[in-house]
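This report concerns only the one structure given below.
Residue numbers (the working numbering): 1349 to 1574.
And the structure:
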């Protein structure tokens, strides 16, 4: 059992580092592209036309991944003034209810994300207004491309895969929109994990708790120490 826990902890740390490195890489690329574009524009009177669109794309990716990572680490802000005054029993019931609402919301979000992305991948959207009940025949939007981002050579296979053999001159919209179902699936996974932990009693909040109060207490302790 101890070995399994250590292995699980090791896998968890690896995933944490992977997510953190992915977020850091996106931020780094954004900074570099913006810096290079500013230098080119004001020094050489030229610009990378596609860089702004790519930066916006990476910014959206970073936000979507950051949401799921924040859920995992309980770093999202929330209001707990009411639940903190409840006795232990009702407080846990309120937390279970809130966790269940989050899971249901994530399912709805996942459906909406898939239905938005599916036409760009040449797939059918789901039927059902709230929850998927099947699939509905959908007109493909796989031919649609970004405005300026050039098509990387290593993605040329996408033309045969989703665009009936037609090649792309620009990066297809399928690529940036793929982050929507991926991120929403991660959000759903994080909420389900949190819900299970709440039921088991190993997690007692879904949000960061008393961040401002703790910061003030730390400053007060530091001032007393000096």
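Just so you know, even glycine gets a beta-carbon here, dropped at the ideal spot from N, CA and C.
All values reported here derive from a predicted model rather than from experimental measurement.
Proximity winner among 1405, 1379, 1374 and 1486, relative to residue 1495 (alpha-carbon distances): Locating residue 1495 in the chain shown gives position 147, counting from the first residue. If we check each option's Cα against that of residue 1495, 1405 comes out closest.
Residue 1529 burial status per 10 Å Cβ neighbour count (16 or more: buried): Start at 1 with the first residue of the chain shown, and residue 1529 comes out as number 181. Flag for residue 1529 reads buried.
Just mark residue 1538 as buried or exposed, buried being the case when its beta carbon has 16 or more other beta carbons within 10 Å. If you number the chain shown from 1, residue 1538 lands on position 190. Buried, by the Cβ-count rule.
The alpha helix (DSSP H) enclosing residue 1529, as first and last residue numbers: Counting from one through the chain shown, the residue named residue 1529 turns up at place 181. Residues 1527–1548.
Validate contact between the stretch 1423–1439 and the stretch 1452–1466 using beta carbons, cut 8 angstroms, 3 pairs: In short, these stretches do not touch, since the Cβ pair count stays below three.
Taking the alpha-carbon positions, what's the residue 1410 to residue 1463 distance? The count along the chain shown starts at 1 and reaches residue 1410 at position 62. The count along the chain shown starts at 1 and reaches residue 1463 at position 115. Cα to Cα, the separation comes out at about 21 angstroms.
Determine which residues share a DSSP beta bridge with residue 1421 and list them. The sequence position of residue 1421 within the chain shown is 73, counting from 1. In DSSP, residue 1421 forms no bridge with anything.
Among 1551, 1518 and 1514, the one whose alpha carbon lies nearest that of residue 1500: As a first step, residue 1500 must be located in the chain shown, where it is residue number 152. The option with the nearest alpha carbon to residue 1500 is 1518.
Reduced DSSP category for residue 1495 - H, G, I as helix; E, B as strand; rest coil: Locating residue 1495 in the chain shown gives position 147, counting from the first residue. Correct three-state label for residue 1495: strand.
Below 8 angstroms, can you find three or more Cβ-Cβ pairs linking the stretch 1506–1526 to the stretch 1467–1476? Yes: the two stretches touch, three or more of their Cβ pairs being nearer than 8 angstroms.
Using the C-alpha atoms, what's the distance from residue 1391 back to residue 1576? Any property of residue 1576 remains undetermined from this structure, which presents the chain solely from 1349 to 1574.
In its own chain, which residues sit with a C-beta less than 6 angstroms from the C-beta of residue 1381, not counting the 5 before and 5 after it? What you label residue 1381 is simply residue 33 of the chain shown in a count that begins at 1. Within the same chain, residue 1381 has close Cβ partners 1399 and 1403.
Measuring straight from C-alpha to C-alpha, what distance separates residue 1479 and residue 1365? Taking the first residue of the chain shown as 1, we reach residue 1479 at position 131. Taking the first residue of the chain shown as 1, we reach residue 1365 at position 17. Cα to Cα, the separation comes out at about 34 angstroms.
Quick check: residue 1543 and residue 1457, are their CB atoms within less than 8 angstroms of each other? One-based indexing of the chain shown puts residue 1543 at position 195. One-based indexing of the chain shown puts residue 1457 at position 109. Contact: no.
Check residue 1519 in the structure and name its three-state DSSP category. Translated into positions along the chain shown, residue 1519 becomes position 171. The three-state secondary structure of residue 1519, taken from DSSP, is strand.
Alpha-carbon to alpha-carbon, residue 1377 and residue 1349: For this step, residue 1349 is matched to residue 1 along the chain shown. For this step, residue 1377 is matched to residue 29 along the chain shown. At residue 1349 the pLDDT is 41, less than 50, meaning the model places this residue with poor confidence; the figure from the coordinates comes in the next sentence. Rounded to the nearest angstrom, the two C-alpha atoms are 42 angstroms apart.
Terminal residues of the alpha helix (DSSP H) in which residue 1455 lies: Residue numbering aside, residue 1455 sits at position 107 when the chain shown is read from its first letter. 1436–1465 is the extent of the alpha helix (DSSP H) around residue 1455.
Using a Cβ-Cβ cutoff of less than 7 angstroms, which residues in the same chain neighbour residue 1389 once the five nearest sequence positions on both sides are dropped? Position 41 of the chain shown, counted from the start, is the residue given in the question as residue 1389. Correct list, in chain order: 1395.
CA-to-CA distance, residue 1440 to residue 1465, given in whole angstroms: On the chain shown, position 117 is the one that residue 1465 refers to. On the chain shown, position 92 is the one that residue 1440 refers to. As the crow flies, the alpha-carbon of residue 1465 is around 37 angstroms from that of residue 1440.
Kindly list the residues whose CB is nearer than 6 angstroms to the CB of residue 1442, restricted to its own chain and excluding five residues on each side of it in sequence; keep chain order. In the chain shown, residue 1442 corresponds to position 94, counting from 1. Excluding sequence neighbours, residue 1442 sits near 1431.
Extent of the continuous alpha helix (DSSP H) to which residue 1507 belongs: The residue you call residue 1507 lines up with position 159 of the chain shown. Taken as a continuous stretch (DSSP letters only), the alpha helix (DSSP H) holding residue 1507 covers 1505–1510.
Go ahead and pull the three-state DSSP assignment for residue 1482. Here the question's residue 1482 lines up with position 134 in the chain shown. In this structure, residue 1482 counts as strand in the three-state DSSP scheme.
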